[in-house]
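Undergrad: One structure, as structure tokens, below. Some questions next.
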Amino acid sequence: MDELKVSGLDGTDVKSGYDAQQYIVIKLGHEQYGIDIKFIDNIVRMQHITRVPKVADYLKGVINLRGEVIPVMSLRIKMNLPADEITKATRIIILKLEQQGTIGVIVDEVREVVTLNPSQIERASYDGKEDKTSFIMGIGKHENELISLLDLNAVALEK
Amino acid sequence: MDVNQYLEIFLDETKEHLESLNTQILNLEQEPEDADTINEIFRAAHSLKGMAGTMGYKRMQTLTHDMENVFSEIRNGTMKVNSNLIDTLFQCLDALEEYTNNIQETADEGTNDNQQLINQLNEYLNGSKAGKEDAPAAPEKESKEASESSNSDEKWKEIKIGEPELVVLEAAKSQGKGIFGISVFVEESCLLKAARAFQVYKEIEEKAEVIACNPSVQEIEDEKFDLSFSLVVISDYELEQVIKEAKNVSEIEKIEAGSFEFEVQETTEIHQAPEGKEETAVAALPKETSSAPAKPQKAAPAKTNDKKPAGKPVANRTVRVDIEKLDVLMNLVSELIIAKNSMVADSRAEEGTGFREHIEYLESVTTNLHESVMKVRMVPIESVVSKFPRMIRDLSKKLNKKMELYMSGEETELDRTVVDEIGDPLMHLLRNAADHGLESGELRIKRGKPEVGSIFLNAYQDGNNVVIEVKDDGNGIDVESVKNKAIERGVITPEQAVSMSEKDIINLLFHAGFSTAKTISDVSGRGVGLDVVKSKIESLSGEVEVKTSLEEGSTWTIRLPLTLAIIQALMVTVGGEKYAISLGSIQTIEDISPSDVKLVENKEVINLRGSVIPIIRLSRELDIESCKTPDENIMVVIVKKGERYAGLVVDELIGQQEIVIKSLGKYISKCRIISGATILGDGEVALILDANALI
Chain V
1 MDELKVSGLD GTDVKSGYDA QQYIVIKLGH EQYGIDIKFI DNIVRMQHIT RVPKVADYLK
61 GVINLRGEVI PVMSLRIKMN LPADEITKAT RIIILKLEQQ GTIGVIVDEV REVVTLNPSQ
121 IERASYDGKE DKTSFIMGIG KHENELISLL DLNAVALEK
Chain Z
1001 MDVNQYLEIF LDETKEHLES LNTQILNLEQ EPEDADTINE IFRAAHSLKG MAGTMGYKRM
1061 QTLTHDMENV FSEIRNGTMK VNSNLIDTLF QCLDALEEYT NNIQETADEG TNDNQQLINQ
1121 LNEYLNGSKA GKEDAPAAPE KESKEASESS NSDEKWKEIK IGEPELVVLE AAKSQGKGIF
1181 GISVFVEESC LLKAARAFQV YKEIEEKAEV IACNPSVQEI EDEKFDLSFS LVVISDYELE
1241 QVIKEAKNVS EIEKIEAGSF EFEVQETTEI HQAPEGKEET AVAALPKETS SAPAKPQKAA
1301 PAKTNDKKPA GKPVANRTVR VDIEKLDVLM NLVSELIIAK NSMVADSRAE EGTGFREHIE
1361 YLESVTTNLH ESVMKVRMVP IESVVSKFPR MIRDLSKKLN KKMELYMSGE ETELDRTVVD
1421 EIGDPLMHLL RNAADHGLES GELRIKRGKP EVGSIFLNAY QDGNNVVIEV KDDGNGIDVE
1481 SVKNKAIERG VITPEQAVSM SEKDIINLLF HAGFSTAKTI SDVSGRGVGL DVVKSKIESL
1541 SGEVEVKTSL EEGSTWTIRL PLTLAIIQAL MVTVGGEKYA ISLGSIQTIE DISPSDVKLV
1601 ENKEVINLRG SVIPIIRLSR ELDIESCKTP DENIMVVIVK KGERYAGLVV DELIGQQEIV
1661 IKSLGKYISK CRIISGATIL GDGEVALILD ANALI
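Chains V and Z, in that order, are what the protein sequence lines are. Position 65 of the first sequence, counted from 1, bears residue number 65 in the working numbering, the numbering being contiguous throughout. Position 195 of the second sequence, counted from 1, bears residue number 1195 in the working numbering, the numbering being contiguous throughout.
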């Protein structure tokens, strides 16, 4: 993980200063997504999830995180992607949100931590034609790769 | 001095004193002559004043000061208690409560002077003194300061001697005994003035008989004196011997003494000797009244047997514990139980009797620990219900109906968090009973009932529940009128109404936006209330029921669980998943053959020892495939909700276990049949089924 930490601190990113934000890059299907690090409480391995009946399909159930019961949701189902395939790389990212409290989200893989300047982020423009809510608040450009930055409030919002 | 750190204590104690004042003033109205009540009131008012003064809340202090003056007059018998006075006093308490609330919110008492109330109080005061010596309390207080500074150290010269004492003194003189005056000065830094004073008093008493004391013994014990007090004693010993021992008491600045001269006179001269605060009020009384000679007299019985007067009510001894600290303790216990559960899980895998013994021990320890921690969290509901008699009294005046509140079981204990929440629902129910329940006086007489309506508030423990009943002997609920109202409001359709049972209709009262009061009063009848009561009680995992009979009255029953954190539960499996069912609601467990399941109105029921019980297939409710084939016997857990029974069909039973209830959190709270989750010994999460929601 050491190299993950230094990545983003070399080259042009260093001058970032106050406005730069760190994102954890995760993989979901073929796409890369960024989650603002300040909302992340913990990253844990996939574990047994206790199903809760009669809730939305994207809510997979609850897990025990050090004695606390935390709800877990599937990002894939929430974003209308094919259902999760559990592999060795699958992780649950524990998010701490102001409104919804603590929630876990299942991701295919956690890749690295990047630092992005405001100049490297292109704000998402809202397309009026698309009525389906967007989970993306911007696109980050990092080393010739594009990272979709997740709008966590939209993700956590109940449909 | 930074007083902020004392703010919480101040608030707590102020509330306690206000509560006690409320209760005692109510008592006073019933028994205006009861000395104990008056003393209790005086004590509470005095402490309030002192505390407000220390904390620098001037307005609060002024108001309590004037109240105290009134109480003092009542205590001395110079003022009679009447209904108007009680009303004013209650208004004062309300004002004090307002100050307290302001302080709680902003640490400031606010700017309301309540001058009107103070004027009213002073009117009562002046009224009682009319035609007698005109000596307003406030200037008196100032003159006290002035006179004090000019006083010599031989304060004992100012002691008032009444006639009975004179007789004793003369007798002593004729017997050749020495009569001395002693003034004791306590060091300014002394922390426990009363204790030091008491020590000195005792030392002197060994060698001499105390004839008079200023301030009185009682006041010295209550620390109601400044830095000095004076005695008149008679003794066979020399003066030096009398005070020798007393001088050795630490934190005493000096003791002045000399022989006491007295004159035999018809009228005793009264010196202004304002020592204690309350002394001013007494001194302000007219000379001719018996109050001045009565003072030393009052001290007399106390000194002869040297004991505190009996019958002094003992204040509620409480330990204040930060609720957060308790929560931490509670969590620790929870973890201990989880650890125990994991050992239990392990023990099933390996056979070993010694290990099992350890577990049994651990189990008894954790159970006890749990119980004792729960007890720390328990408080009597008294703190909530004690304000109700006052409320009913006010309602009685407002609604112009005569009513009486009878309470029992105030000592019943509940979890602190529950007690804090239960006040509003109970208040709603009581107001409801007073407003809707009780009929007007004329109607009651016509129906052959006593004119004064009765409202009962009973609390008692019933197994793992605490039951609180609000009962009235009023009109009861008119089912027909409820039904009509419900149809009118569109809550139900006329067709529905026909098929509804009486009970279902009464339950409509808990429907939001339902109120049968014909006119909207500010007591009740805003259409919010009963539904709020219901949801509040349910949020505390409790339930509320009503029984009624027309023209005889109704009973509202609130049933609350004793604890909210750890429960005994039955663990079951359904479709390979583990679920917990609270043991409290389980009646029996039955093994039923599939052929015994009958269909009634297209619903599955079983006939269990003569009663027909509907069954609920949990696999269906939980959207999961049962592991059992349809021809196998089914395992039915019979649960009870109020008067109703239902059978929950499960796949298998695992066993009984103590479980720690964890919230599922806001995010996933939509599921009604799941009341929470728990963590099992192997770290897995199991959900807790809410049997009440299933029925």
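From the three backbone atoms N, C-alpha and C, an ideal C-beta is built for every residue, glycine too.
(1) Put A960 of chain Z into one of helix, strand or coil per three-state DSSP.
(2) Quick one: which unbroken alpha helix (DSSP H) runs of 4-plus residues sit fully inside the stretch 1453 to 1513 of chain Z? Chain order, please.
(3) For the alpha helix (DSSP H) that contains K88 of chain V, what are its first and last residues?
(4) What does a CB cutoff of less than 6 Å around L1680 of chain Z pick up in its chain, not counting 5 residues either side in sequence?
(5) Using C-beta distances below 6 Å, list every residue in its chain close to Y1099 of chain Z, excluding the 5 sequence neighbours before and after it, in chain order.
(6) Identify the contact partners of N64 of chain V in chain Z, using a Cβ-Cβ distance below 8 Å as the criterion.
(7) Mapping the DSSP letters down to three states, classify K141 of chain V as helix, strand or coil.
(8) Buried or exposed, going by whether 16 or more other CB atoms sit within 10 Å of the CB of F1229 of chain Z?
(9) Suppose the cutoff is 8 Å on Cβ atoms and the five residues either side in sequence are ignored; what does the same chain contact list for E68 of chain V look like?
(10) Could you work out which residue in Z:D1066, Z:F1071, Z:A1107 and Z:E1357 is closest to Q1116 of chain Z when comparing CA atoms only?
(11) Determine, for H30 of chain V, whether the minimum Cβ-Cβ distance to residues of chain Z falls below 9 Å.
(12) At the 9 Å Cβ level, is L75 of chain V part of the contact set with chain Z, yes or no?
(13) Quick check: K1536 of chain Z and E1421 of chain Z, are their CB atoms within less than 9 Å of each other?
(14) Cβ of D131 of chain V less than 9 Å from any chain Z Cβ?
(15) If you draw a straight line from the alpha carbon of D151 of chain V to that of I136 of chain V, how long is it in whole angstroms?
(16) Is R1390 of chain Z buried or exposed, if buried means 16 or more other CB atoms sit within 10 Å of its CB?
(17) Does DSSP classify L1231 of chain Z as helix, strand or coil?
(18) Quick check on this structure: which residue in Z:G1474, Z:N1084, Z:V1470 and Z:S1619 has the alpha carbon closest to the alpha carbon of K1446 of chain Z?
(19) DSSP three-state call for A1677 of chain Z: helix, strand or coil?
(20) On the three-pair Cβ rule with 8 Å, is the stretch 1590 to 1599 of chain Z touching the stretch 1633 to 1651 of chain Z?
(21) Roughly how many angstroms lie between the CA atoms of E1219 of chain Z and E1256 of chain Z, to the nearest whole one?
(22) Out of Z:K1207, Z:L1239 and Z:K1193, which one is the CA nearest neighbour of V1217 of chain Z?
(23) What is the DSSP secondary structure of N1607 of chain Z, reduced to helix, strand or coil?
(24) What is the rounded straight-line gap between the Cα of M1598 of chain Z and the Cα of R1609 of chain Z?
(25) Taking all protein chains shown into account, decide if T1088 of chain Z is buried (16 or more other Cβ within 10 angstroms of its Cβ) or exposed.
(26) Could you say if the stretch 1635 to 1648 of chain Z and the stretch 34 to 47 of chain V meet the contact criterion of at least three C-beta pairs nearer than 8 Å?
(27) Would S1342 of chain Z pass as an interface residue toward chain V - the criterion being a Cβ-Cβ separation below 9 Å?
(28) Report the three-state DSSP secondary structure of P1561 of chain Z (helix, strand or coil).
(29) Using Cβ-Cβ distances below 7 Å, what residues of the stretch 42 to 61 of chain V are close to chain Z?
(30) Closer than 8 Å by C-beta to E1410 of chain Z: which residues in its own chain qualify, once you throw out the five before and the five after it? Chain order, please.
(31) State yes or no: is the C-beta of E32 of chain V within less than 9 Å of the C-beta of R111 of chain V?
(32) Is C1671 of chain Z close to chain V, meaning its C-beta is less than 9 Å from at least one C-beta of that chain?
(33) Based on the DSSP output, what are the partners of N64 of chain V in its beta bridges?
(34) Measuring alpha carbon to alpha carbon, tell me which residue in V:N153, V:G34, V:V62 and V:I49 is nearest I147 of chain V.
(35) For E1016 of chain Z, which residues in the same chain have their Cβ closer than 7 Å to its Cβ, ignoring the five residues on either side in sequence?
(36) Would you tell me roughly how many angstroms separate the C-alpha atoms of I1477 of chain Z and I77 of chain V, rounded to the nearest one?
TA: According to the data block:
(1) Residue 960 of chain Z lies beyond the range of chain Z shown here (1001 to 1695); nothing can be said about it.
(2) 1479 to 1488, 1494 to 1499 and 1502 to 1507
(3) Note, K88 of chain V: premise wrong, no alpha helix (DSSP H); not H, not E.
(4) A1686
(5) M1060 and E1109
(6) I1679, G1683, E1684 and V1685
(7) strand
(8) buried
(9) T102
(10) Z:D1066
(11) no
(12) no
(13) yes
(14) Here D131 of chain V scores only 45 on pLDDT, less than 50, and its place in the model is too uncertain to base an answer on.
(15) 5 Å
(16) buried
(17) strand
(18) Z:G1474
(19) strand
(20) yes
(21) 21 Å
(22) Z:K1193
(23) strand
(24) What sits at residue 1598 of chain Z in the sequence shown is Lys, not Met. The straight-line gap from Cα to Cα measures roughly 14 Å.
(25) buried
(26) no
(27) no
(28) strand
(29) H48, T50, R51, V52, P53, K54, V55 and L59
(30) P1380, I1381, E1382, V1385, S1386 and A1459
(31) Note on residue identity: the sequence assigns Gln, not Glu, to residue 32 of chain V. Taking 9 Å as the Cβ cut-off, Q32 of chain V and R111 of chain V qualify as a contacting pair.
(32) yes
(33) V:V69
(34) V:G34
(35) none
(36) 52 Å
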